[in-house]
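*Asks:* What the sequence shown shows, in my numbering, is residues 20 to 251, in sequence order.
Every residue gets a Cβ at the ideal spot worked out from N, C-alpha and C, and that includes glycine.
The structure follows.
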Amino acid sequence: MNKDATPPSLTAGSQTLARGLAVLRLVTEAADGLSPAEVAAAADVHRTVAYRILNTLCDAQMLHRGSDGRYRGAAGLLPLAAAGHQHLRTTALPLLGETADELGITVSLLVREADIAVALAVVSPRHGTYHVAFSEGSHHPITQGAAGLALQAAEPERATDSEQIRDVRKLGYAQTFGQVEENMHGLAVPLKLGAGQPFACLNAITVREQHAADSAKTLQRIGAELARIIRI
Numbered sequence: 020m021n022k023d024a025t026p027p028s029l030t031a032g033s034q035t036l037a038r039g040l041a042v043l044r045l046v047t048e049a050a051d052g053l054s055p056a057e058v059a060a061a062a063d064v065h066r067t068v069a070y071r072i073l074n075t076l077c078d079a080q081m082l083h084r085g086s087d088g089r090y091r092g093a094a095g096l097l098p099l100a101a102a103g104h105q106h107l108r109t110t111a112l113p114l115l116g117e118t119a120d121e122l123g124i125t126v127s128l129l130v131r132e133a134d135i136a137v138a139l140a141v142v143s144p145r146h147g148t149y150h151v152a153f154s155e156g157s158h159h160p161i162t163q164g165a166a167g168l169a170l171q172a173a174e175p176e177r178a179t180d181s182e183q184i185r186d187v188r189k190l191g192y193a194q195t196f197g198q199v200e201e202n203m204h205g206l207a208v209p210l211k212l213g214a215g216q217p218f219a220c221l222n223a224i225t226v227r228e229q230h231a232a233d234s235a236k237t238l239q240r241i242g243a244e245l246a247r248i249i250r251i
């Protein structure tokens, strides 16, 4: 008998959980939800398995089935979303609001999760005729955009760091164009939040290059203030 073998019950439980989480992510990331057939195909499971997972998630109020037969995210997701880095998000929101109004552009707080940059908080200016908007929870690869560069620069230095990452650390910000959203300028500032906190950055997005560039000092100031409060 192999003493190192994982008990079948534990393996089965892990697989079930992994499938459930995969389906939850697939459905919530779909702009108009998914049908059971689409879930089965995307998750590579039999349709009866897909139905079982979907029904379980509906029972937990994580998903709901619409009158069109498609499944979408439900209200049960909201407490989970709010709990993610709650102290950091709650602390940042007032500062982001002030900054968005001061600059007249949308600003956000992003954190690194594995190789993904995730928008933890997004605030648009209360005034002005035009601004860019996107949703909290939006994400993109860490290799793209100003936020991706800033999040990599927020990490401890490594010998393998690219010259671009080293430049971001020297300048204190990263600026890119069209890497995440077409025709959009992004500027992001890496944050130094201290032990126990995620790698994070402040990000501004706008259609005007100069507007993005002009936001650097303000974002650096707000970032330093946020880091100071978090460390208290």
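Less than 7 Å between the C-beta atoms of L212 and A246, yes or no?
*Replies:* yes
*Asks:* Could you give the C-beta distance for V142 and L112, rounded to a whole number, given that I count them as a contact under 8 Å?
*Replies:* About 7 Å separates the two Cβ atoms, so the contact holds.
*Asks:* Out of E48, R38 and T110, state which residue places its alpha-carbon closest to the alpha-carbon of T7.
*Replies:* This structure gives no information on residue 7, because the portion of the chain shown stretches from 20 to 251.
*Asks:* Going by other Cβ atoms of all chains shown within 10 Å of its Cβ, with 16 needed for buried, is S127 buried or exposed?
*Replies:* buried
*Asks:* To the nearest angstrom, how far is it from the Cα of T225 to the Cα of N202?
*Replies:* 9 Å
*Asks:* What's the C-alpha gap between P55 and Y70?
*Replies:* Straight-line Cα distance between these residues: approximately 6 Å.
*Asks:* Given this structure, state the Cα-to-Cα distance separating G123 from L73, to the nearest angstrom.
*Replies:* The alpha-carbon separation between G123 and L73 amounts to approximately 42 Å.
*Asks:* Taking the beta carbon of T109 as the centre, do at least 16 other beta carbons fall within 10 Å, making it buried, or is it exposed?
*Replies:* exposed
*Asks:* Shortest alpha-carbon distance to V42 belongs to which of D63, A50 and P209?
*Replies:* Comparing Cα positions, the closest option is D63.
*Asks:* Looking at the secondary structure, which residues open and close the beta strand (DSSP E) in which A246 lies?
*Replies:* Where A246 is concerned, there is no enclosing beta strand (DSSP E), although the alpha helix (DSSP H) it sits in stretches over A235 to R250.
*Asks:* My assumption, with CB atoms under 8 Å, is that G92 sits in contact with V46. Please give the rounded CB distance.
*Replies:* 7 Å
*Asks:* Below 7 Å CB to CB, which residues in the same chain sit around A119 once its five sequence neighbours on both sides are set aside?
*Replies:* T125, V126, V142, S143 and P144
*Asks:* Ordered along the chain, which non-local residues of its own chain (more than five positions away) have a Cβ less than 8 Å from that of E228?
*Replies:* F196 and H204
*Asks:* Using the Cβ count rule (16 or more neighbours within 10 Å means buried), how would you classify P209?
*Replies:* buried
*Asks:* At what residues does the beta strand (DSSP E) containing Y90 begin and finish?
*Replies:* Taken as a continuous stretch (DSSP letters only), the beta strand (DSSP E) holding Y90 covers Y90 to G92.
*Asks:* Which partner residues of Q171 appear in the DSSP bridge assignment?
*Replies:* Paired residue(s): none; Q171 is not in a bridge.
*Asks:* How many Å lie between A235 and G167 at the Cα?
*Replies:* 16 Å
*Asks:* So is L40 buried or exposed if we call it buried at 16+ other beta carbons inside 10 Å?
*Replies:* exposed
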